[in-house]
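2 protein chains.
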Amino acid sequence: MTNPRPRTIPEATVARLAVYLRVLTGLVDGGRSTVSSGELASAAGVNPAGLRKDLSHLGPCGVRGVGYEVRTLRDRIARVLGVERSRACVLVGIGNLGAALADYAGFGTRGFEFVGLFDAAPSRVGQQVGGSVVRPVEELEDVVAETQASIGVITTPAEVAQSVCDRLAAAGVRSILNFAPVTLTAPPGVDVRQVDLSVELQVLAFLGSQRTLPEAVVGGMA
Amino acid sequence: MTNPRPRTIPEATVARLAVYLRVLTGLVDGGRSTVSSGELASAAGVNPAGLRKDLSHLGPCGVRGVGYEVRTLRDRIARVLGVERSRACVLVGIGNLGAALADYAGFGTRGFEFVGLFDAAPSRVGQQVGGSVVRPVEELEDVVAETQASIGVITTPAEVAQSVCDRLAAAGVRSILNFAPVTLTAPPGVDVRQVDLSVELQVLAFLGSQRTLPEAVVGGMA
DNA sequence: TTATGTGAAATAGTTCACAGCG
DNA sequence: CGCTGTGAACTATTTCACATAA
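Chains A and B, in that order, are what the protein sequence lines are. Per this note's numbering, residue 967 is the first one in the first sequence, and the count goes up by one each step. Per this note's numbering, residue 967 is the first one in the second sequence, and the count goes up by one each step.
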């Protein structure tokens, strides 16, 4: 009772809350008013008991015997994740991937707004991408200062990613999402998350070969 | 005696092995011949003891008191991950993100070859993207059959992702990497990995707000 | 002496089973 | 009754500490 909300939500849970939020938004748009843990879990690709455990970190938010109120739950998760208000992001490196992200509607509808797109190549600067004009990377610090952007996304070549990271951190960005295939180091107080697209493919390839080649293992299903 | 390798490599380890492989390839290109667990761990952003434990799944591959031979270790990891030979992949949905992936050099250099790019839009079909010509999605099954592609990548809009997944699975693709923001279901024997780019941003946002408003309590009442 | 390889301890995360509320 | 919320059991993963080998 004196400890209603533990401040510690496991990171694995946070990642799944983001998925639940996406599913719930779809249900709201579809006019659904309530949903059970079983149905929501199935739509999110997780186990129902695990979903209930995840939601338990938000405090009680369902009705026993009935399920969860879709809109209420969505709002609650959005508040916990801190996406009720829009967050300013800057994106550095407008190659193919950067342009794809800048143009990806999924960000805008989920509380992220790109307030600055930057590239070092003069040929890129001035182009219109995803509703914004690409600016020279020299203006990065000024724009971060003006817009108070708290999130930076790096889609540059690997060679310059660390220096971009340093500049973002120095300019006051506290959270960095890096798509360049290098491990970045940032000062304390700055979070870095790494997304390596070919790591995902390699894990898939490994799981596939585990299934295909294991001569020591029984043929299995299928 | 050639079967002392436990067939069970933890998935978390597999993902890190892919990162080590990337770092090692960089070291080979840079002419380095040996590396210690500490240095490799630091370059990969992990703890040295954890790295050694990861490598222990491959059997002994270092020299005590010295470290690891860079080229040998790289080859060993590549073989375990099953990327010594190139794997045929198909990519469905050549929007911004799909074009970015098709054009991403990181895949080609790491053992993945796109043998077919597909899109439903006639305006896309025939375009040259990343060295291949975009084909109509109707040809998907034929190309999978011809090329024996074992991996499919989905970068379509969410609405059609499941049907593309079904077609890939029916055509014989055993591993699917999905970038569309929906949870896919596939028949047994088909692996699906989900990458949701805005989930990454939301986790970042949450960690950031944890830091920024350490006192704001989640729910209204207690 | 150095740096690997590894059991054992600690931690994180998942699943189960059922009590309890509507 | 049905479905949530949750302790308890279980599994996976990380970290530690040190024996071991060059």
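Where is the CB? At the ideal position from N, CA and C, for every residue including glycine.
| Check | Outcome |
| --- | --- |
| Using 8 angstroms as the limit for Cβ to Cβ distance, is B/E1104 near chain A? | no |
| When DSSP builds the beta bridges, which residues end up paired with A/P1102? | A/D1085 |
| Quick one: grab the DSSP three-state call for A/Q1160. | strand |
| When you check each C-beta in the stretch 1110 to 1141 of chain B against every C-beta of chain A, which residues fall closer than 7 angstroms? | S1116, I1117, R1140, S1141 |
| So that I know if they touch, is there some Cβ in chain A lying closer than 8 angstroms to that of B/Q1093? | no |
| Using the Cβ count rule (16 or more neighbours within 10 Å means buried), how would you classify B/N1062? | buried |
| Apart from the five residues on each side of it in sequence, which residues of its chain come closer than 7 angstroms, Cβ to Cβ, to B/V1001? | L993, G1033, Y1034, V1036 |
| In angstroms with no decimal places, state the Cα-to-Cα distance between B/G1064 and B/G1031. | 46 angstroms |
| Tell me where the alpha helix (DSSP H) around A/N1062 begins and ends. | 1062 to 1069 |
| Less than 8 angstroms between CB atoms is the rule here; does A/S1052 satisfy it with respect to chain B? | no |
| Do you know whose CA, among B/L1167, B/P1153, B/F1145, lies nearest B/D1132's CA? | B/P1153 |
| What first and last residue would you give for the alpha helix (DSSP H) that runs through B/R1053? | Taken as a continuous stretch (DSSP letters only), B/R1053 belongs to no alpha helix (DSSP H), being part of the beta strand (DSSP E) at 1053 to 1058. |
| Count the other CB atoms, across all protein chains shown, that sit within 10 Å of the CB of B/A1007; report buried if there are 16 or more and exposed otherwise. | buried |
| Among residues of its own chain, excluding the 5 on either side of B/A1124, which ones have a beta-carbon nearer than 8 angstroms to its beta-carbon? | A1146, P1147, V1148 |
| Using a cut-off of 9 angstroms between C-beta atoms, extract the partners of A/S1003 located in chain B. | Here the premise fails: no neighbours, minimum Cβ distance about 15 angstroms. |
| Considering A/S1116, what are the terminal residues of the beta strand (DSSP E) in which it resides? | Unbroken run through A/S1116: none, as it is neither H nor E. |
| Is the CB of A/G1048 under 8 angstroms away from at least one CB in chain B? | yes |
| Three-state secondary structure (DSSP) at A/I1043? | helix |
| Of all Cβ atoms in chain A, is any one closer than 8 angstroms to the Cβ of B/F1080? | no |
| Among the candidates A/A1137, A/V1165, A/A1127, A/L1163, whose CA atom is the shortest distance from the CA of A/T1151? | A/A1127 |
| DSSP three-state label for B/Q1094, please. | strand |
| Beta carbon of A/A1115, beta carbon of A/V1139: below 8 angstroms? | yes |
| Under a three-way DSSP split, which group does B/G1033 fall into? | strand |
| Is B/R1003 near B/R982, with beta carbons less than 8 angstroms apart? | Note on residue identity: the sequence assigns Ser, not Arg, to residue 1003 of chain B. Result no, Cβ atoms of B/S1003 and B/R982 do not sit closer than 8 angstroms. |
| Is the beta carbon of A/G1077 sitting closer than 8 angstroms to the one on A/S1052? | yes |
| Does A/E1107 come within less than 8 angstroms of chain B when only Cβ atoms are used? | no |
| Starting from the beta carbon of A/E1035, find every residue of chain B whose beta carbon is closer than 8 angstroms, and list them in chain order. | The premise fails here: A/E1035 is roughly 15 angstroms from chain B at the closest Cβ pair, so nothing lies under 8 angstroms. |
| Give the C-beta separation of B/S1164 and A/G1072 to the nearest angstrom, bearing in mind that I take them to be a contact with Cβ-Cβ under 8 angstroms. | 5 angstroms |
| Taking the straight line between their C-alpha atoms, what separation do you get for B/C1055 and B/L1024? | 27 angstroms |
| For a contact meaning CB atoms closer than 8 angstroms, what does A/D1069 contact in chain B? | N1062 |
| Can you tell me where the beta strand (DSSP E) holding A/S1141 begins and where it ends? | 1141 to 1144 |
| In chain order, what residues of the same chain lie with their CB nearer than 8 angstroms to the CB of A/A1135, ignoring the 5 residues before and after it? | I1142, A1152, P1153, V1156 |
| For B/G1028, which of helix, strand or coil comes out of DSSP? | strand |
| With 16 other CB atoms within 10 Å as the buried threshold, where does B/N1144 fall? | buried |
| Under 8 angstroms between beta-carbons, which chain A residues line up against B/P1147? List them in chain order, please. | R988, G1072 |
| Any beta carbon of chain A sitting closer than 8 angstroms to that of B/V994? | no |
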